[in-house]
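Q: Sharing a structure with you now.
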Amino acid sequence: MSNISVIIPVHSSINPTHFNLSVTSMLDQTLSPLECIIIVDGPVNTDMTKLLEDFSNDPIIEVIYLPTSSGPGVSRSIGIKNSKGNIIALMDADDISLSNRLEKQFEKLTSNKLDVVGSWIEEFDLQP
């Protein structure tokens, strides 16, 4: 386990299937995060609520509910303020990370004494 806190804001327009893939991709990392903080930015539908309840049973996941939508910046800020790790990994609720994302980013941060690292994206479409 690492000292990495993963922050994932989620809101009402996110597809629960995509969100499930996103969170699962963080839980299946080769370098496990210390915690995964999900910020629920306002009300969400029943399917998302059930998924969040299921995820909250995982000991590394903390779910924080905001009563109204405040936007991703506010959500991320709340997640960061509630984090325990000394490294923060930000992720969108519909992103799917490669299994070695955290490991690679941690290695770059520590071996090069960096404060920030980014990554690239590859677009995909889950529609048939």
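Under the working numbering, the first residue of the sequence shown carries the number 26, and numbering increases by one thereafter. Here a beta-carbon is modelled for each residue, glycine too, at the ideal position from N, C-alpha and C.
1) Pull up the distance between the alpha-carbon of Ser124 and that of Pro92, whole angstroms please.
2) Suppose contacts are defined by Cβ-Cβ distances below 9 Å. Is Ser81 in contact with Glu87 by that definition?
3) How about Ser30 and Ser122: are their beta carbons less than 9 Å apart?
4) Under the DSSP definition of a beta bridge, which residues are partnered with Ser95?
5) Report the rounded CA-to-CA distance for Glu132 versus Val142, giving the unit in angstroms.
6) At the level of alpha carbons, what is the spacing between Thr2 and Leu127?
7) In angstroms with no decimal places, state the Cα-to-Cα distance between Met26 and Gln54.
A: According to the data block:
1) Within the sequence shown, residue 124 is the residue found at index 99, counting from 1. Within the sequence shown, residue 92 is the residue found at index 67, counting from 1. Whole-angstrom Cα-Cα distance: 33 Å.
2) Looking up residue 81 in the sequence shown gives position 56. Looking up residue 87 in the sequence shown gives position 62. Between Ser81 and Glu87, the CB-CB gap stays under 9 Å.
3) Along the sequence shown, one-based indexing puts residue 30 at 5. Along the sequence shown, one-based indexing puts residue 122 at 97. Between Ser30 and Ser122, the C-beta gap is not smaller than 9 Å, which leaves the two residues out of contact.
4) Residue 95 sits at position 70 when you count from the first residue of the sequence shown. The beta-bridge partner set that DSSP reports for Ser95 is empty.
5) Within the sequence shown, the letter at position 107 stands for residue 132. Within the sequence shown, the letter at position 117 stands for residue 142. Val142 has its alpha-carbon roughly 10 Å from the corresponding atom of Glu132.
6) Examination of residue 2 is not possible in this model, given that the chain is present from 26 through 153 alone.
7) As a working mapping, residue 26 is identified with position 1 in the sequence shown. As a working mapping, residue 54 is identified with position 29 in the sequence shown. About 10 Å.
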